Structures are given as C-alpha cells and as structure tokens.
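In what follows, a single structure is set out as structure tokens and then discussed.
Set out below in structure tokens:
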C-alpha cells in the first residue's frame, strides 16, 4: 500500500535534484532501490516469522520505518534549497 506514495515522492525528488541529462539514470536508480527495498522487506518479514514468531514479525516494518526515518532525517539538509543557487535553465525547480 505504501509503494505508490513512495514512488511518487522518489520520482519527484529525482526530477528536482537530478540534471535533465541524467534523469533516466536517476529514475532507474530510484525504481531499482524501491524494488530492492520491497524484496528485502518481504524476506526480512518471512525470516522473522520463521525464527521469532508471528507476533514479533509486526516489529519488522516498524523497525524498517524507523530506520528509513532516521536516514531521511540525517540527509534532510541535502534536499533544502540553497540560497544563492543558480536556477535550473530548463525551468524546473
């Protein structure tokens, strides 16, 4: 259920941060990362159910969400507009 909002947010960031000449590579990298995350999450959830029980498996997505939040919080300064930055000639912001 969270795949579509994550993909939209990721692609929006790619459009804003990546130069137009590298847009295809940026979108491919984001999409590949999303697929790796989905498959890794499924594997981690399955391993948790097998080894720790179904009740403990509910902690797997909560832990992944907390880790994603921590990574996003640590990198938040890279996503802020810089004062005095040269505007993009293509007109994208």
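Numbering (this note's numbering), first residue to last: 178 to 270. A virtual CB, placed ideally from N, CA and C, is assigned to each residue, including glycine. Being a predicted model, the structure only gives us computed values, none of them experimental.
Buried or exposed, going by whether 16 or more other CB atoms sit within 10 Å of the CB of residue i?
i           : result
residue 225 : buried
Once DSSP output is grouped into helix, strand and coil, what is the label at residue i?
i           : result
residue 248 : helix
residue 238 : helix
residue 185 : helix
residue 222 : helix
residue 230 : coil
Could you please give the first and the last residue of the uninterrupted alpha helix (DSSP H) stretch that includes residue i?
i           : result
residue 195 : Taken as a continuous stretch (DSSP letters only), residue 195 belongs to no alpha helix (DSSP H), as it is neither H nor E.
Can you list, in chain order, the residues of its chain whose CB lies under 7 Å from that of residue i, leaving out five sequence neighbours each side?
i           : result
residue 186 : none
Within the same chain, show all residues whose beta-carbon is closer than 8 Å to that of residue i, passing over the 5 residues directly before and after it, in chain order.
i           : result
residue 203 : 191, 194 and 195
Just to check my reading of the structure: residue i and residue j have Cβ atoms closer than 8 Å, yes? What is that Cβ distance to the nearest angstrom?
i           : j           : result
residue 237 : residue 214 : With a Cβ gap of about 13 Å, residue 237 and residue 214 do not count as contacting.
residue 241 : residue 218 : 6 Å
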